[in-house]
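J.:
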Amino acid sequence: MTGGTVYVGIVTYNSAADLPRCMAALRMQTWQRLSVHVLDNHSSDDSVSWLRQHAPEARVIESRENLGFGRGHNAILRTLQLSDEDFYLPLNPDARPDAGYIEWLVNASRQHDAGWCVGKLLLADEDGEPVGILYSAGQGLLRNGHVINVGQGLADDGRFDESREIMLASGAAMLLRADLIRDLAPAGDLFEPAFFMYGEDIDLGWRARRAGWRCWYQPSVTALHRGGSQSPQTRAQAQGNLYLSALKNAFWLDLLFLILPLMVVSLLSRLSRSLSARLRRFLSQRRTSRRL
Numbered sequence: 080m081t082g083g084t085v086y087v088g089i090v091t092y093n094s095a096a097d098l099p100r101c102m103a104a105l106r107m108q109t110w111q112r113l114s115v116h117v118l119d120n121h122s123s124d125d126s127v128s129w130l131r132q133h134a135p136e137a138r139v140i141e142s143r144e145n146l147g148f149g150r151g152h153n154a155i156l157r158t159l160q161l162s163d164e165d166f167y168l169p170l171n172p173d174a175r176p177d178a179g180y181i182e183w184l185v186n187a188s189r190q191h192d193a194g195w196c197v198g199k200l201l202l203a204d205e206d207g208e209p210v211g212i213l214y215s216a217g218q219g220l221l222r223n224g225h226v227i228n229v230g231q232g233l234a235d236d237g238r239f240d241e242s243r244e245i246m247l248a249s250g251a252a253m254l255l256r257a258d259l260i261r262d263l264a265p266a267g268d269l270f271e272p273a274f275f276m277y278g279e280d281i282d283l284g285w286r287a288r289r290a291g292w293r294c295w296y297q298p299s300v301t302a303l304h305r306g307g308s309q310s311p312q313t314r315a316q317a318q319g320n321l322y323l324s325a326l327k328n329a330f331w332l333d334l335l336f337l338i339l340p341l342m343v344v345s346l347l348s349r350l351s352r353s354l355s356a357r358l359r360r361f362l363s364q365r366r367t368s369r370r371l
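Residue numbers for the sequence shown follow our numbering, so the first one is 80 and each next one is one higher.
1) Could you please give me the residues that DSSP links to residue 198 through a beta bridge?
2) Measure the C-alpha to C-alpha separation of residue 186 and residue 180 and round it to an integer number of angstroms.
3) Quick one: residues in its chain with C-beta nearer than 8 Å to the C-beta of residue 109, no 5 flanking neighbours on either side, listed in chain order?
4) Looking at the unbroken beta strand (DSSP E) that takes in residue 253, where does it start and where does it end?
5) Does residue 313 come out as helix, strand or coil in the three-state DSSP assignment?
6) Measuring straight from C-alpha to C-alpha, what distance separates residue 85 and residue 267?
7) So what does residue 180 bridge to, in DSSP terms?
8) Less than 8 Å between the beta carbons of residue 87 and residue 168, yes or no?
9) Measuring only the C-alpha atoms, how far is residue 293 from residue 191?
10) I need the boundaries of the beta strand (DSSP E) containing residue 228, first residue and last residue.
11) For residue 260 versus residue 269, is the C-beta spacing smaller than 8 Å?
12) What's the gap between the Cα of residue 106 and the Cα of residue 335?
13) Going by Cα to Cα distance, which pick from 159, 176, 228 and 272 is closest to residue 116?
14) Between the Cα of residue 104 and those of 173, 93 and 212, spot the shortest distance and give me the residue it belongs to.
15) Residue 142: which of 123, 136, 133 and 132 sits nearest, CA to CA?
16) Using CA atoms only, rank isn't needed, just tell me which of 130, 111, 340 and 113 is closest to residue 94.
17) By a C-beta neighbour count over all protein chains shown, 10 Å radius and 16 as the cutoff for buried, is residue 184 buried or exposed?
18) Give the straight-line distance between the Cα atoms of residue 325 and residue 252, rounded to the nearest whole angstrom.
19) Beta carbon of residue 161, beta carbon of residue 154: below 8 Å?
20) Does the count of Cβ pairs from the stretch 198-208 and the stretch 294-301 closer than 8 Å reach three?
21) For residue 246, which residues in the same chain have their Cβ closer than 8 Å to its Cβ, ignoring the five residues on either side in sequence?
22) Pick from 286, 140 and 98: whose alpha carbon is nearest that of residue 384?
23) Here's the rule: buried if 16 or more other CB atoms are within 10 angstroms of the residue's CB, otherwise exposed. What is residue 332?
24) Could you give the DSSP three-state label for residue 249: helix, strand or coil?
25) I'd like to know if residue 332 contacts chain C, where contact means its C-beta is closer than 8 Å to some C-beta of that chain.
26) Taking the alpha-carbon of residue 274 as reference, which of 234, 176 and 150 has the nearest alpha-carbon?
27) Note down the Cα distance separating residue 128 from residue 96, rounded to an integer number of angstroms.
28) Start and end of the beta strand (DSSP E) containing residue 135?
Dropping the structure here:
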């Protein structure tokens, strides 16, 4: 094992139920040079008190407001001084990596000269137990700006067991090289601060790709990730962030002929649904008032 510290950054918000499994998984890592940093986004549960009592190895930063995912990690990174051999792992509190996860990704990054890496991400149930279903075997970026989690929802039956270069990686448990971070954010924020939540990993990966960095998928190690369903409001937020990322990063021909037309159609569709819902409520109220 060669040198280099892996700085693990965890951004929490009412994450007390997930922290025991996450911290236990970090204690089991075969890569010994770990430094764990947790930024709490003004939780109303006992996330901070649990960390201070049960995870003294973690450095805890208490935010006075909810910064969201990307701005939370930016705040952690501003407290770190990364050397050339170091790495940063933004880890979701509901993610639980294998014991060899970090060591394998560090070695894969160095072997394949990859700026960032990810293992196979598997879905977990509400109790954090595996269900044999894939969450992500890397991410694919379509020319229209949409992103897919490769293999999502499929059985973990060996179809995605080949180590390979991928386009992007899910931000739930990706490992970033220090020199990639310095390249993308020499004097500022690594993650787009305009994004409160959703799409930060896509935007970062898109920028890294355009800067010439490689992304590597290492399926020999896995991490469990519970994930969760999105409300209509959060789906709209995610879609908006995706379009903003496309406006920033897409090639202009794709933007002009594929992405902008889709954005217009999407906006018109949302407007039509909103007006239709308001009209139905208005007519329903009129019928009710006539009966009275």
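Positions of the beta carbon are idealized from the N, C-alpha and C atoms, including for glycine.
T.: The structure says:
1) 297
2) 10 Å
3) 178, 179, 181 and 182
4) 253-256
5) helix
6) 21 Å
7) According to DSSP, residue 180 bridges with nothing at all.
8) yes
9) 8 Å
10) 226-228
11) yes
12) 49 Å
13) 159
14) 173
15) 123
16) 130
17) buried
18) 23 Å
19) no
20) yes
21) 217, 218, 219, 220, 284, 288 and 294
22) What the structure shows of the chain is the stretch from 80 to 371, and residue 384 is not part of that stretch, so it cannot be assessed.
23) exposed
24) coil
25) Given the protein chain composition of this structure (a single chain), no chain C is represented.
26) 150
27) 12 Å
28) Counting along the chain, residue 135 falls outside any beta strand (DSSP E), and DSSP gives it neither H nor E.
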